[in-house]
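Please read the structure below before turning to the comments.
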Amino acid sequence: MTELTKLRHFEWNDQVQYAFDELKRQLSTTPVLARPCFDEVFGVECDASGVGIGAVLTQQGRPIAYFSEKFNEAKRRYSTYDKEFYAIIRALNHWQHYLISKEFILHSDHEALKYIQGQHKLQPRHAKWVEFLQVLNFSIRHKSGKLNKGADALSRKFLLLQTISPKVLGFELIKQEYVDDPDFGSIFGRCQYRPYNDFHLVDGFFLKPPGYAFHNKA
1 MTELTKLRHF EWNDQVQYAF DELKRQLSTT PVLARPCFDE VFGVECDASG VGIGAVLTQQ
61 GRPIAYFSEK FNEAKRRYST YDKEFYAIIR ALNHWQHYLI SKEFILHSDH EALKYIQGQH
121 KLQPRHAKWV EFLQVLNFSI RHKSGKLNKG ADALSRKFLL LQTISPKVLG FELIKQEYVD
181 DPDFGSIFGR CQYRPYNDFH LVDGFFLKPP GYAFHNKA
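When you line the sequence shown up against full-length UniProt numbering, it's residues 1 to 218, in that order.
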């Protein structure tokens, strides 16, 4: 994979495909990815480049999930400030089911973003974003690009990892039992498109702070 980063022609062969698949596997399995613990503080690291955004959800310095997104033509014309701001909004919205219940730490390498909640004159786009931030409880800490390597890499290599989260063996079977469960069956349908009584449906699992909700058969 290192050879592909050099500025020259390359061939995508079976060896490269194997290396790519192995890299994805190692990035998405323990001990690289940790499972979230709702008793600990979450951290979100965000970054933006000229082509996209990247973010890492962490706890105690360990990654829990990755996220990246390619800019469309309109977003490529954003200012650097707006790109970095959008990276934050997109990441927090993507992981809000983890973050909405308690304070977390937001890391960004853009100094001006430390003052986003104190702005008085806002553009329409910024006003909408700031309104979203009001429902979250967080503190912003500056993290230089040299230290913010994970989010920085994802913002530039958006095709490598679009969304990766930890998988736990056996959990997939739990999803199949929700519909017929006496506790969760009645609210399963109501959670398909929006939260219901503090329950969120995330990747097919019921989530109610401070953790996952399991049915009687689990």
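For every residue, glycine included, the Cβ atom is placed at its ideal position computed from N, Cα and C.
Everything numeric in this text was worked out from a predicted model, so none of it was measured.
{"Asked": "Helix, strand or coil at Ala74 according to DSSP, with G and I counted as helix", "Found": "helix"}
{"Asked": "Straight-line gap, Glu103 to Phe132 (C-alpha atoms, nearest Å)", "Found": "15 angstroms"}
{"Asked": "CB contact flag (Ile105, Ser139, <9 angstroms)", "Found": "yes"}
{"Asked": "Cα-Cα separation, Asp21 to Asp14", "Found": "10 angstroms"}
{"Asked": "Contact check, Ile89 vs Phe71, beta carbons under 9 angstroms", "Found": "no"}
{"Asked": "Residues that DSSP places opposite Gln59 in a beta bridge", "Found": "Arg62"}
{"Asked": "Glu69 burial status per 10 Å Cβ neighbour count (16 or more: buried)", "Found": "buried"}
{"Asked": "Exposed unless 16 or more other CB atoms sit within 10 angstroms - verdict on Asp47", "Found": "buried"}
{"Asked": "Reference Ala91, options Ala55, Arg35 and Lys24, closest by Cα", "Found": "Ala55"}
{"Asked": "Where the alpha helix (DSSP H) containing residue 222 begins and where it ends", "Found": "No information on residue 222 is available, as it lies outside the stretch 1 to 218 that the chain covers here."}
{"Asked": "Contact under 9 angstroms by Cβ, Gly50 with Arg76", "Found": "yes"}
{"Asked": "Whether Tyr98 touches Phe42 by CB criterion (9 angstroms)", "Found": "yes"}
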